[in-house]
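Structure first, then comments.
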Amino acid sequence: MAIVGAGPAGLTLAQLLHAHGVESVVLEARSRDYVERRLRAGVLEQGTVDLLRELGVSARMDAEAIEHGGIHLQFAGDRHHVPMRELTGRGITIWGQTEVVKDLIAARLEAGLPLHFEVQDVTVHDVESERPRVRYRHAGADHELECDAIAGCDGSHGVCRPSLPAGALREFSREYPYGWLGILAEVEPSIDELVYAHHARGFALLSLRSPTLSRYYVQVAHDEDVANWPDERIWEELQARTALAGWTLREGPILEKGVTGMRSFVVEPMQHGRLFLAGDAAHIVPPTGAKGLNLAISDVAILGEALVALCRDGDATALTSYSARALRRVWRAEHFSWWMTSMLHRPPDGDPFEERLQLAQLRYVTSSDAAATSLAENYVGLPWG
Ligand code: FAD
Ligand code: PHB
């Protein structure tokens, strides 16, 4: 197997294949240091946690991650708790994507298995045959790898998806007029569980990474320049959007800040010949539902099982239905992420009709057990199937 990309999707797939005795080579364009520092998601569903445990890469997560049984929705001056564990029997785990990636890389390198960083000029060939090939340049030499299948786990700007013939894939997408300015701050989180705040000045999210690191976001323009946001302005906006009587948002040094534009994107099918797309290479969700990382992991859980059947038993039937199985879950997450995004963000023109609809929906999900359960079961993650 050739795996392009050492993000959560590629690394988890490699670990899963190794657990079943299937050999793979992982090719990554960036350096190890860059991949291990890239600050991204932080909420893991139970299915993700279970798979990482099964794969033997959970020791640090089991010791240090933080379990949450709910989230708060804040709007019209009040904070409402959604008791997800009570409603669904399941919770979420707060553990950074960077930490997941570090442990997967360490496991692979300790086992002496091939994972090449700073690989250049990756190209894929003969994907319509049963022996596709990947060419790449590494450490000053050209290489060619012949394999049973290629996993395109190379994210939204990778090479695998664009290398497929025109017309092989259909793309679905939606741009949102919003972005998130995210910060990592060295300060004890001021919250017991995540706070999603609807506010006339725009959405804000209070999250965390550890007992000493807070991860906070404010809604900004899609293409906002981070240079317009000195630290004082960020804290002022966070304070205004999350203010609550009797509660204080603690401030601290900002270690990192960055802007992410929001987008929904899906490609169908997620496979062509012997090239299989997984994770951000096949789909993007806006981060409001905390689904991006979890979808990447559930894709490779489905794909890994099918590849093991091919490589170990010579049975390609499960592979033919990979895309159909994965897409059912992908579209559910696309809908949930779009719905959460639409309910919580201030439209650019501040349309008052839209705002009233948002408030009506927020009141409904915080007062009806049926509506809250629907939000909760999507947020904690529907069963993998
Ligand atoms: P990636 O993590 O993107 O990994 C792809 C890998 O492929 C990368 O290491 C890349 O360097 C490599 N690659 C690319 N091109 C090539 C090539 N030509 N050759 C070799 N290797 C290549 N989700 C959330 O749920 N919450 C969040 O807060 C959140 N924040 C995010 C912030 C940002 C800036 C971004 C971009 C995403 C964020 N996401 C978030 C989404 C989540 O992080 C992704 O869904 C997740 O990283 C997907 O994992 P992946 O392995 O599919 O892709
Ligand atoms: C995060 O902690 O980075 C985070 C949490 C919840 C989200 C998005 C990001 O919906």
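Position one of the sequence shown corresponds to residue 100 (this note's numbering), numbered consecutively onward. Even for Gly, the Cβ is constructed at its ideal location relative to N, Cα and C.
Confirm, please, whether the CB-CB distance from residue j to residue i is below 8 Å.
i: Ser272; j: Ser363; result: yes
i: Arg300; j: Leu283; result: no
i: Gly351; j: Glu285; result: yes
i: Val233; j: Gly278; result: no
i: Gly169; j: His179; result: no
i: Leu376; j: Arg207; result: no
i: Ile204; j: Leu214; result: yes
i: Gly485; j: Ala140; result: Summary: the structure shown does not reach residue 485, with the chain confined to residues 100 through 484, and so no result is reported for it.
i: Ser289; j: Leu354; result: no
i: Met70; j: Cys252; result: The structure shown does not extend to residue 70, since the chain is modelled only from 100 to 484, so the question has no answer here.
i: Leu263; j: His371; result: yes
i: Phe174; j: His297; result: yes
i: Ala113; j: Val103; result: no
i: Leu394; j: Leu406; result: no
i: Leu154; j: Ala118; result: yes
i: Gly388; j: Tyr295; result: no
i: Trp483; j: Ala400; result: yes
i: Ser71; j: Met369; result: The first residue shown for the chain is 100 and the last is 484, placing residue 71 beyond what the model contains.
i: Ile249; j: Val221; result: no
i: Ala105; j: Glu127; result: yes
i: His167; j: Ile191; result: yes
Note down the Cα distance separating residue i from residue j, rounded to an integer number of angstroms.
i: Gly480; j: Met183; result: 11 Å
i: Glu433; j: Asp379; result: 12 Å
i: Arg411; j: Gly120; result: 8 Å
i: Val199; j: Arg137; result: 12 Å
i: Asp398; j: Ser255; result: 15 Å
i: Leu110; j: Tyr275; result: 30 Å
i: Pro447; j: Arg373; result: 43 Å
i: Arg332; j: Arg152; result: 41 Å
i: Thr472; j: Thr311; result: 31 Å
i: Glu163; j: Gly357; result: 26 Å
i: Glu217; j: Ser228; result: 28 Å
i: Arg230; j: Gln460; result: 52 Å
i: Trp499; j: Val384; result: Outside the shown range of the chain (100 to 484) lies residue 499, about which nothing can therefore be said.
i: Ser157; j: Thr147; result: 11 Å
i: Leu343; j: Thr465; result: 17 Å
i: Ser441; j: Arg427; result: 21 Å
i: Arg455; j: Arg314; result: 29 Å
i: His224; j: Val142; result: 36 Å
i: Tyr133; j: Gln219; result: 15 Å
i: Leu116; j: Arg340; result: 45 Å
i: Asp330; j: Asp161; result: 34 Å
i: Asp468; j: Asp177; result: 18 Å
So, with DSSP's three-state summary, where would you put residue i?
i: Glu292; result: coil
i: Glu122; result: coil
i: Met369; result: coil
i: Ser467; result: coil
i: Leu263; result: coil
i: Asp225; result: coil
i: Ser422; result: helix
i: Gly388; result: helix
i: Phe452; result: helix
i: Ala408; result: helix
i: Trp483; result: coil
i: Ala320; result: strand
i: Ser272; result: strand
i: Leu138; result: coil
i: Trp438; result: helix
i: Leu348; result: coil
i: His117; result: helix
With a CB to CB cut of under 6 Å and the five nearest residues on each side skipped, what residues in its chain are close to residue i?
i: Lys201; result: Glu135
i: Leu268; result: Val366
i: Ile165; result: Ile193
Could you tell me which residues DSSP pairs with residue i in its beta bridges?
i: Thr359; result: Trp279
i: Tyr315; result: Ile282 and Leu305
i: Tyr235; result: His242
i: Val103; result: Leu126 and Gly251
i: Asp177; result: Phe174
i: Ile401; result: None; Ile401 has no bridge partner.
i: Leu214; result: Val125
i: Phe375; result: Ala250 and Gln370
By Cβ distance, which residues of its chain are closer than 7 Å to residue i, with the 5 residues on each side in sequence left out?
i: Ala475; result: Val181, Met183, Leu186 and Thr187
i: Tyr316; result: Trp279, Leu280, Gly281, Ala303 and Leu304
i: Val429; result: Val365, His382 and Leu394
i: Leu145; result: According to the sequence as given, residue 145 is Gln; it is not Leu. These residues qualify, in order along the chain: Arg189, Val479 and Gly480.
i: Glu287; result: Pro310, Thr311 and Arg349
Can you find the residues in the same chain that come closer than 8 Å, C-beta to C-beta, to residue i, ignoring five residues on each side of it along the sequence?
i: Thr359; result: Gly278, Trp279, Gly281 and Pro386
i: Val325; result: Leu280, Lys356, Gly357 and Val358
i: His321; result: Glu274, Tyr275, Pro276, Tyr277, Gly278, Gly360 and Met361
i: Pro107; result: Gln196, Val199, Val200, Leu203, Gly378, Leu392, Ala395 and Ile396
Is there a Cβ of chain C sitting closer than 8 Å to that of residue i, yes or no?
i: Glu335; result: Annotation note: the requested chain C is absent from the structure, which comprises a single protein chain.
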